[in-house]
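The structure under discussion appears below in the form of structure tokens.
2 protein chains.
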Amino acid sequence: MGPSDIDVTASGLAEPGLAGHPGLPTADIAESCRPVTEILSRIGDKWSILIVMVLSDGPRRFTQIKHTIDGISQRMLTLTLKGLERDGLVTRTVTPTIPPRVDYELTALGHSLREPVNALGRWAFANRPAILKARALFDRT
Amino acid sequence: MGPSDIDVTASGLAEPGLAGHPGLPTADIAESCRPVTEILSRIGDKWSILIVMVLSDGPRRFTQIKHTIDGISQRMLTLTLKGLERDGLVTRTVTPTIPPRVDYELTALGHSLREPVNALGRWAFANRPAILKARALFDRT
DNA sequence: CAGGATCCCGTGAGATACTG
DNA sequence: CAGTATCTCACGGGATCCTG
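Protein chains in written order, with the numbering used here: chain A, 31 to 171; chain B, 31 to 171.
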């Protein structure tokens, strides 16, 4: 999650519409896919999806998340949570007790993300055998 | 402290074949999300989705793809195509003429991937304004 | 407890240059 | 045309130590 923006080219607004109808000028495909790739670079990292999944049951505290997701460093947890908060997917509520308590919770936007992600998850789960098989076959030769 | 102090309701994760059989310890969330993260690391890179989108109209030649996707290096195009081929999402057909001709085409598996990706794309497009707004707000303070 | 500040390393990916 | 082979660098991300 860089400090700066994602947009690379002109400050322009990409035109709507997803790619894929015959007759569509192919040169614009990258342009029309920009929102997708943008989101993918947001949730396509190593931890975002896991955090969203963990939070889908309700609010969780920092260390609670940390212990639920095995292998995540507190650095990456902090950074990823901050990124999710920045994009409005997660809220952060501090209770200034001693020791401090911080709760993270999915926003409505964050919850709505679960649907397409679950769709992808179902695809992944359903086609994993095929992929693994293709992969094994490819690697053998 | 153990996994026992974490409340397990798992209502949200109970997707068919996905995470969360009821009563599943939350510690296994990462485990049950593995297929998703696996796929995400496959298509979550910088170019895979774009290539799949370009190929969704039908077979394309190497340089055709290269010129359609602006900014991709031939190195990354080769590598990404090889990865997609390895996972059974794309076929590679060589016509040994001089100069050689190589066509890439989506497999049925590759085509089926477009549906969940498009779902994600619709989400991305619909919620992009909200995300950008949240981002701008977050960055101002 | 929650998170900042550093240090460090592997690898993702761009820029050429060469080949069948 | 469709790649392979290097060189290079930026950055994602882990480990560790420090603070309010």
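Just so you know, even glycine gets a beta-carbon here, dropped at the ideal spot from N, CA and C.
| Query | Result |
| --- | --- |
| C-beta neighbour in chain B for P89/A, strict 8 Å | no |
| Boundaries of the beta strand (DSSP E) in which D133/B is found, first to last residue | R131 to L136 |
| Where the stretch 126-141 of chain B meets chain A: residues whose CB sits under 7 Å from a CB there | L139 |
| For T108/A, the first and last residue of its enclosing beta strand (DSSP E) | That residue, T108/A, is in no beta strand (DSSP E); its alpha helix (DSSP H) goes Q104 to R116. |
| CB of G151/A within 8 Å of CB of V66/B, strictly | yes |
| Cβ neighbour criterion (16 or more within 10 Å) applied to R170/A | exposed |
| Selection from L114/A, E135/A and N148/A that minimises the alpha carbon distance to I161/B | L114/A |
| Local Cβ density within 10 Å of S78/A, reported as buried at 16 or more and exposed below that | buried |
| Local conformation of T67/A per DSSP, three classes | helix |
| Buried/exposed call for N157/A, threshold 16 Cβ in 10 Å | buried |
| Any chain B beta carbon closer than 8 Å to P146/A | yes |
| Straight-line gap, R131/A to V120/A (C-alpha atoms, nearest Å) | 16 Å |
| Contact set for T98/B: own chain, Cβ-Cβ below 7 Å, skip 5 residues either direction | V84 |
| Proximal residues of chain A, C-beta to C-beta of F92/B below 7 Å | Near F92/B there are no residues of chain A at all, since even the closest Cβ is about 14 Å away, more than 7 Å. |
| Status (buried if at least 16 other CB within 10 Å, exposed otherwise) for P146/B | buried |
| Spatial neighbours of V124/B in its chain, beta-carbon cut-off 6 Å, leaving aside the 5 residues before and after | V132 |
| Chain-ordered chain A contacts of P65/B [CB-CB under 8 Å] | G151, A154, F155 and R158 |
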